[in-house]
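So the structure is just underneath, and the comments pick up after that.
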Amino acid sequence: MRIIVSGGAGFIGSHMCDRLLSEGHTVVVLDNLLTGSTENLAHLGSTKAFQFIEHDVTLPLEGKIPGGPIDGVLHMASAASPKDYLEHPIETLDVGSVGTRNMLELARASKARFLVTSTSECYGDPHVHPQVETYWGNVNPVGPRSCYDESKRFAEAMTMAYHRTHGVRTNIARIFNTYGPKMQLNDGRVVPAFLDQALRGEPLTVFGDGSQTRSFCYVSDLVDGLYRLMMSDERYPVNLGNPAEMTILHFAEQIIALTKSPSQIVRRPLPEDDPRQRKPDISKAKRILGWEPVVALEQGLKVTAEYFRKKVPAPT
Ligand SMILES: NC(=O)c1ccc[n+]([C@@H]2O[C@H](COP(=O)([O-])OP(=O)(O)OC[C@H]3O[C@@H](n4cnc5c(N)ncnc54)[C@H](O)[C@@H]3O)[C@@H](O)[C@H]2O)c1
Numbered sequence: 003m004r005i006i007v008s009g010g011a012g013f014i015g016s017h018m019c020d021r022l023l024s025e026g027h028t029v030v031v032l033d034n035l036l037t038g039s040t041e042n043l044a045h046l047g048s049t050k051a052f053q054f055i056e057h058d059v060t061l062p063l064e065g066k067i068p069g070g071p072i073d074g075v076l077h078m079a080s081a082a083s084p085k086d087y088l089e090h091p092i093e094t095l096d097v098g099s100v101g102t103r104n105m106l107e108l109a110r111a112s113k114a115r116f117l118v119t120s121t122s123e124c125y126g127d128p129h130v131h132p133q134v135e136t137y138w139g140n141v142n143p144v145g146p147r148s149c150y151d152e153s154k155r156f157a158e159a160m161t162m163a164y165h166r167t168h169g170v171r172t173n174i175a176r177i178f179n180t181y182g183p184k185m186q187l188n189d190g191r192v193v194p195a196f197l198d199q200a201l202r203g204e205p206l207t208v209f210g211d212g213s214q215t216r217s218f219c220y221v222s223d224l225v226d227g228l229y230r231l232m233m234s235d236e237r238y239p240v241n242l243g244n245p246a247e248m249t250i251l252h253f254a255e256q257i258i259a260l261t262k263s264p265s266q267i268v269r270r271p272l273p274e275d276d277p278r279q280r281k282p283d284i285s286k287a288k289r290i291l292g293w294e295p296v297v298a299l300e301q302g303l304k305v306t307a308e309y310f311r312k313k314v315p316a317p318t
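When we follow the numbering used here, the leftmost residue of the sequence shown carries the number 3, and every step to the right adds one.
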């Protein structure tokens with residue numbers, strides 16, 4: 003298949019490109035490099051089946067993609083870390099709304115399949131735990147994080163509308179916290195933030211009392227779930243994430259132990275609308291995709307720590 007990947011220069015997008023190419027597909031990336039980097043794709047430079055086009059997908063696509071059939075559209079473009087979307091709230095709303103519409107239109111016109119990477123943030127600060135796809139969420143529509151949450155909720159609604167109105171073959175992935183090499187070190191997400199602090203020997207910042215929970219999925223597991231979903235006939239959202247839940251405090255302690263860091267833990271006030279609990283119910287993905295994560299946290303963190311070790315100056 004010839005597949006267009008928006009956001010392919012980002013963390014997950016670049017791993018997805020590797021997977022698609024390894025499956026024998028041809029890949030064209032559209033990315034405006036707002037939060038991604040061509041460095042993430044540098045190893046694909048001479049690959050014949052790969053092409054990078056610098057383009058903002060909220061702008062018209064006409065004339066941007068060289069001719070030839072288009073069989074799939076993966077819409078992954080969006081600022082994704084709280085630091086990035088709080089810095090770019092309007093761009094984030096635009097890429098989830100106008101950008102999604104543009105990519106859906108491309109899929110419709112090309113008779114291509116379409117997949118959008120939505121998020122567990124659609125559940126907001128959930129009242130149902132673990133989060134199951136049929137839960138409609140508890141989102142603050144006007145809080146600082148709403149630019150991301152509502153952009154993705156709109157993207158899901160638009161995707162369903164294109165499916166219902168135009169019969170586009172669509173999939174919606176609700177991704178939970180994912181980590182791995184090629185994350186940005188300074189994007190404010192907990193895995194790079196803790197690893198950065200631990201590798202520098204600086205205190206690890208835990209917000210609130212650290213009893214809030216998160217679950218972390220290694221990127222190769224996530225990409226496998228996305229690939230299976232893209233090949234499936236499921237039109238409604240599917241959670242993809244790792245259900246192994248732990249408190250942030252325990253996670254910080256694990257990172258310190260894993261990196262053999264001298265770092266201590268410091269506490270800071272909890273940010274506004276920070277969800278208390280996050281854990282995917284992945285029964286649906288297990289049932290319809292035969293998918294579940296296989297990489298243990300310790301194993302994934304080791305690889306990720308090695309990646310960051312090359313980027314972080316060792317403590318003096
Ligand atoms: N990483 C996670 O834990 C996580 C969790 C839930 C959902 N997601 C979703 O997965 C996708 C990828 O996330 P990521 O962590 O790789 O983020 P990322 O910031 O590393 O990648 C996003 C990419 O989109 C590009 N982009 C942003 N706006 C664009 C625009 N208007 N036109 C073209 N390109 C644009 C960026 O330059 C970047 O390369 C996003 O849709 C995100 O919402 C990620």
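Note that beta-carbon positions come from the ideal geometry of N, C-alpha and C, so glycine has one too.
Alpha carbon to alpha carbon, what distance is there between residue j and residue i?
i	j	result
residue 114	residue 292	24 angstroms
residue 200	residue 264	8 angstroms
residue 79	residue 287	23 angstroms
residue 64	residue 305	41 angstroms
residue 76	residue 289	23 angstroms
residue 69	residue 299	43 angstroms
residue 1	residue 307	Any answer about residue 1 is impossible in this case: the structure gives the chain only from 3 up to 318.
residue 218	residue 107	33 angstroms
Closer than 6 angstroms by C-beta to residue i: which residues in its own chain qualify, once you throw out the five before and the five after it? Chain order, please.
i	result
residue 187	194, 198 and 313
residue 94	81, 87, 149, 150 and 153
residue 361	With the chain running from 3 to 318 in the structure shown, residue 361 is simply not present.
residue 309	183
residue 85	189 and 190
residue 56	none
residue 225	17, 18 and 21
residue 129	140
Going by CA-CA distance only, name the one from the options that's closest to residue i.
i	options	result
residue 49	56, 60 and 31	31
residue 27	135, 42, 189 and 51	51
residue 260	301, 133, 136 and 184	301
residue 163	238, 184 and 196	238
residue 29	45, 3 and 40	3
residue 196	257, 138, 156 and 139	257
residue 59	303, 209, 307 and 99	99
residue 91	75, 36, 160 and 111	36
residue 284	277, 294 and 276	294
residue 74	40, 173 and 155	173
residue 303	274, 145 and 254	254
So, for residue i: in the same chain, excluding its five sequence neighbours on each side, which residues have a beta-carbon less than 8 angstroms away from its beta-carbon?
i	result
residue 38	9, 10, 11, 12, 13, 15 and 16
Could you give the DSSP three-state label for residue i: helix, strand or coil?
i	result
residue 175	strand
residue 289	helix
residue 126	strand
residue 301	helix
residue 101	helix
residue 216	strand
residue 142	coil
residue 257	helix
residue 267	strand
residue 276	coil
If I measure Cβ to Cβ from residue i and keep anything under 7 angstroms in the same chain, skipping five residues before and after, which residues do I get?
i	result
residue 132	245, 281, 282 and 283
inquiry  = Whether or not the stretch 169–182 and the stretch 108–125 are in contact is what I'm after, with contact meaning three or more pairs of Cβ atoms, one per stretch, closer than 8 angstroms; do they touch?
reply    = yes
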